[in-house]
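Numbering-wise (the numbering used here), the sequence shown opens with residue 389 and increments by one. Glycine is no exception: its CB is placed at the ideal position from the N, C-alpha and C atoms. Note that the coordinates shown come from a computational prediction; the quantities given were computed from them, not determined experimentally. Here's the structure, in structure tokens; my notes come after.
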Amino acid sequence: MLFDVPSAAQALEDLLDHERSMILDGKITDLARGARQKEHLLLRLAASVDDTALGRIRRKAERNQALLAAAARGLKAARNRIGKIATGNAPMRTYGADGTARDIGSRPAQPGVNHRA
């Protein structure tokens, strides 16, 4: 089945669709399991595959790459935010019932205290 080019193309498309689902579900660590199978299928397709199937596969691979890049950016932003919160460098802004903004975690300025160095 995997040695048949059309079957290999469909299997690769199915694998890329499954990979997309894993990315969207946040199961990033599970992606490595499909890498070997993906490599095997790509080797089978290297010999000959029609342009239509190749185009579909390319679009799905590019889609997954964009999703992974977005996930990486989100993780980096979350890590930076957590770091700022942990060190006390970034107050959390909330809004009251009257719509006024308030920073939680920041110390209010004390009257008569000069904060300049």
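In whole angstroms, what is the alpha-carbon distance linking D486 and A454?
Position 98 of the sequence shown, counted from the first residue, corresponds to residue 486. Position 66 of the sequence shown, counted from the first residue, corresponds to residue 454. So the two alpha carbons sit approximately 40 angstroms from each other.
Given 8 angstroms, three or more beta-carbon pairs between the stretch 394-402 and the stretch 440-457:
Touching, yes, given that three or more Cβ pairs across the two stretches are closer than 8 angstroms.
Measure the beta-carbon distance from K426 to L403 and round it to whole angstroms, keeping in mind my assumption that it falls under 8 angstroms.
Here residue 426 refers to the residue found at position 38 when the sequence shown is read from its first residue. Here residue 403 refers to the residue found at position 15 when the sequence shown is read from its first residue. K426 to L403, Cβ: 6 angstroms. Contact.
Excluding sequence positions up to five away, which residues of its chain have a Cβ less than 7 angstroms from the Cβ of L456?
The count along the sequence shown starts at 1 and reaches residue 456 at position 68. Correct list, in chain order: I411.
Within the continuous alpha helix (DSSP H) that includes I473, where are the two ends?
Here residue 473 refers to the residue found at position 85 of the sequence shown. First-last of the alpha helix (DSSP H) with I473: 439-475.
Return the chain-ordered ranges of every beta strand (DSSP E) run that is complete within the stretch 396-429 and spans a minimum of 3 residues.
none
Applying the 10 Å Cβ sphere with the 16-neighbour rule, what's the burial state of I470?
Counting from one through the sequence shown, the residue named residue 470 turns up at place 82. By the Cβ-count criterion, I470 is exposed, with fewer than 16 other Cβ atoms from all chains shown falling within 10 Å of its own Cβ.
From which residue to which residue does the beta strand (DSSP E) around T482 run?
Working through the sequence shown from its first residue, we reach residue 482 at position 94. Start and end: 480-483.
Taking its Cβ as the centre, do 16 or more other Cβ atoms sit within 10 Å of E407, making it buried, or is it exposed?
Sequence index remark: in the sequence shown, residue 407 carries index 19 (1-based). Classification of E407: buried, given that the 10 Å Cβ count is 16 or more.
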